[in-house]
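Colleague: Sending over a structure as structure tokens; questions will come in a sec.
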Amino acid sequence: MPDYLPQDTAENSLWGASAIANPVREQLRESLQVDVLVVGGGYTGLSSALHLAERGVSVVLLEAKSIGFGGSGRNAGLVNAGVWQNPAYVRKQLGEEPGNRFNLALRDSPALVSDLVECYDMSCDLQQTGTVHIAHRGGAMKYLEDRCQQLQDLGSAVELIDGESAREISASPVYRHGGIHDPGAATIHPLNYARSLARASQDLGARLFQASAIETLTRQNDRWFATSGSGEVSAEQVIIATNAYADNNSQQVHGSTVPVFIFHCATEPLSAEVAASIIPRRHGLWDTQALLTSSRIDSAGRLVMSSAGRLRGSQRAIRENWMARTRDWLYPQTRGLDWAYRWSGQIGVTSSKLPRVQLLAPGVFAPAGYNGRGIGTGSVIGKHLADTIVSGNRDDFPFPIEALYREKWRRPRAAYYSYGSLALQIGQRR
Ligand SMILES: Cc1cc2nc3c(=O)[nH]c(=O)nc-3n(C[C@H](O)[C@H](O)[C@H](O)COP(=O)(O)OP(=O)(O)OC[C@H]3O[C@@H](n4cnc5c(N)ncnc54)[C@H](O)[C@@H]3O)c2cc1C
């Protein structure tokens, strides 16, 4: 059974190539009866399984492909707090009190990730160096100043940095206007974090299976009954954590987000001299360009960059070349380097730009739509779902629980994001 499957055949993921061993080897071939069935082996499902197992609940997790196959094994590894939108936007969307609870629950999400890493002695290269939302031009600072103030009002330890600090943190001639520094944020090896969560859950007694897609989920004698190949699971409650990777067997989740692709390119380990000259204190950076670009250096000294788009067919060369031009513009000291790794993944976008937690039927929860910010979000939502299931009390759950929700115009909107980013990448001269 393959451990890691690329999204498209020409891809080779850095995270797949540098991963620790996958602790999950089994495919479901038996009939099991548990308290909770978790569907999907990404951060949401794994954090749910871990926190349920911690509380003594019997849990089975079924993953269709391999642990971390979805966004959790493909992302940039920036462990950021909150959501993309400002706290005031969240309060406006959800209402004052629910919005505040939502904001506070995600404010400290990097702390939950680092607590889990420490508590379970995870090997996932967590670098608690902070991240910076960095301005690529002076005009972006007004937005960042307002965002920073709102985050500080929420009690977050972020600070506004000036142009000199931005240049010193990035060592880029472009990033010289300032930004928001979050000292509590971090970078991580995303696939290893997923695999480490899996190992910790198993150690606590959770049973995890991969290559075990659920095919049907039906209600029988007051329990939920799922089938998967030659196996089956009966459970009191179900968490469907398939998010942007929901397949045809989890149709209801499939329709609740718009799939948007992000791609990454990474170099081989940089020479000591070049490595010391880029992002010298190893912050994670993401910028204010229309085609948001992130940069970080991994623990082996490779430069890892990401932006919008899928590496498929003829688009691949266009996007890779654009990323090389962008890299040379941001970090001229890398000029002439080749990309050694490239891969893409899909995020689940929602109209509200906020995650949604659906109750598909009594006892069936389905969180989705993290809009590309899910390391902390998935970890936090999994923990709170476990708390809610154990207590039986939804009042303390800090996210609104909604009925079935469907995004409209999914295909045209997905095409708009894809071709829009491609047009910018073709047209942009550096
Ligand atoms: C390229 C990229 C870059 C990103 N960068 C960042 C970042 O830097 N920081 C950040 O915080 N977030 C980032 N994100 C977002 C983050 O990765 C996701 O929000 C997060 O991983 C979602 O986790 P999840 O567990 O909810 O879903 P996923 O990790 O997508 O897991 C869902 C799983 O469900 C499985 N599944 C589907 N159907 C079935 C079925 N029928 N039966 C069983 N299993 C099934 C899939 O195979 C998949 O493994 C990025 C995402 C992408 C794609």
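Under numbering that gives the first Met the number 0, the sequence shown is numbered contiguously, ending at residue 429.
All residues carry an ideal CB built from backbone N, CA and C; glycine is no exception.
1. Would you call the region 193 to 213 in contact with the region 117 to 134, where contact means no fewer than 3 C-beta pairs closer than 8 Å?
2. Would you say aspartate 246 touches ligand 1, meaning its beta carbon is less than 7 Å from a heavy atom?
3. Do you know how far the Cα of glycine 368 is from the Cα of isoleucine 388?
4. Compute the distance between the beta-carbons of valine 38 and serine 249, then report whether it is under 8 Å.
5. Any heavy atom of ligand 1 inside 7 Å of the beta-carbon of asparagine 220?
6. Quick check: is any heavy atom of ligand 1 less than 7 Å from the C-beta of glutamine 149?
7. Taking 8 Å as the threshold (C-beta atoms), are glycine 300 and methionine 268 in contact?
8. Classify arginine 366 as helix, strand or coil using the three-state DSSP reduction.
9. Nearest-angstrom Cα distance between leucine 150 and leucine 353?
10. Helix, strand or coil: which one does DSSP assign to threonine 325?
11. With respect to 7 Å, is the separation between the Cβ of histidine 132 and the closest non-hydrogen atom of ligand 1 below this value?
12. Expressed to the nearest angstrom, what Euclidean distance is found between the alpha-carbon atoms of glycine 335 and alanine 316?
13. Quick one: is the Cβ of threonine 256 within less than 7 Å of any heavy atom of ligand 1?
14. Distance, Cα to Cα, tryptophan 342 vs glutamate 235?
15. For ligand 3, is there a heavy atom less than 7 Å away from the beta-carbon of valine 33?
16. What does the alpha-carbon distance come out to for the pair glutamine 251 and isoleucine 187?
17. Measuring alpha carbon to alpha carbon, tell me which residue in Val273, Phe260, Ile238 and Asp337 is nearest alanine 413.
18. Would you say alanine 385 and leucine 51 are within 8 Å of each other, going by their C-beta atoms?
19. Decide yes or no for the touch test of the region 21 to 40 against the region 63 to 78: beta carbon pairs closer than 8 Å, at least 3 of them.
20. Can asparagine 102 be considered in contact with ligand 1, in the sense that its beta carbon sits closer than 7 Å to one or more heavy atoms?
21. Which same chain residues end up closer than 7 Å to isoleucine 425 when comparing Cβ atoms and leaving out the 5 residues on each side of it in sequence?
22. Taking contact to mean 3 or more Cβ pairs, one atom from each stretch, closer than 8 Å, check whether the region 200 to 214 and the region 103 to 116 are in contact.
23. In the DSSP assignment, find the beta strand (DSSP E) that holds glutamate 158 and state where it starts and stops.
24. Are there 16 or more other CB atoms within 10 angstroms of the CB of glutamate 406, so buried, or fewer, so exposed?
25. Give a yes or no on contact between the region 109 to 116 and the region 362 to 382, applying the rule of three or more CB pairs nearer than 8 Å.
26. Could you tell me whether the region 21 to 34 touches the region 175 to 182, using the rule of 3 or more Cβ pairs below 8 Å?
27. Could you tell me if alanine 422 is buried or exposed, where buried requires 16 or more neighbouring beta carbons within 10 angstroms of its beta carbon?
28. Could you check whether the Cβ of arginine 73 sits closer than 7 Å to any heavy atom belonging to ligand 1?
29. Does DSSP put glycine 55 in a helix, a strand or coil?
30. Rank Leu291, Ile278, Ile238 and Asn191 by C-alpha distance to the C-alpha of asparagine 21 and give the top, closest one.
31. So does the region 320 to 340 actually touch the region 357 to 364, counting three or more Cβ pairs closer than 8 Å?
32. How far does the beta strand (DSSP E) with glutamine 236 in it reach, from first residue to last?
33. Should glycine 230 go down as buried or exposed, given a rule of 16 or more other Cβ atoms within 10 Å for buried?
34. CB-CB under 6 Å to glycine 283, same chain, minus the five flanking residues each way: which ones, in chain order?
35. Going by DSSP, what residue range makes up the beta strand (DSSP E) through serine 30?
36. Note down, in chain order, each residue of its chain lying with its Cβ closer than 6 Å to the Cβ of asparagine 11, except the 5 sequence neighbours on either side.
Modeller: With the structure as the only source:
1. yes
2. yes
3. 21 Å
4. yes
5. no
6. no
7. It should be pointed out that residue 268 corresponds to proline in this sequence rather than to methionine. Yes, they are a contact pair.
8. For clarity, residue 366 is proline in the given sequence; the question names arginine instead. In the structure shown, proline 366 sits in a strand (DSSP, three-state: E or B).
9. 17 Å
10. helix
11. no
12. 16 Å
13. no
14. 38 Å
15. As for ligand 3, it is missing from this structure, which binds only ligand 1.
16. 31 Å
17. Phe260
18. yes
19. yes
20. no
21. Ile317
22. no
23. 158 to 161
24. buried
25. yes
26. no
27. exposed
28. yes
29. coil
30. Asn191
31. no
32. 230 to 239
33. buried
34. Leu77, Thr130, Thr186 and Arg295
35. 30 to 38
36. Tyr340
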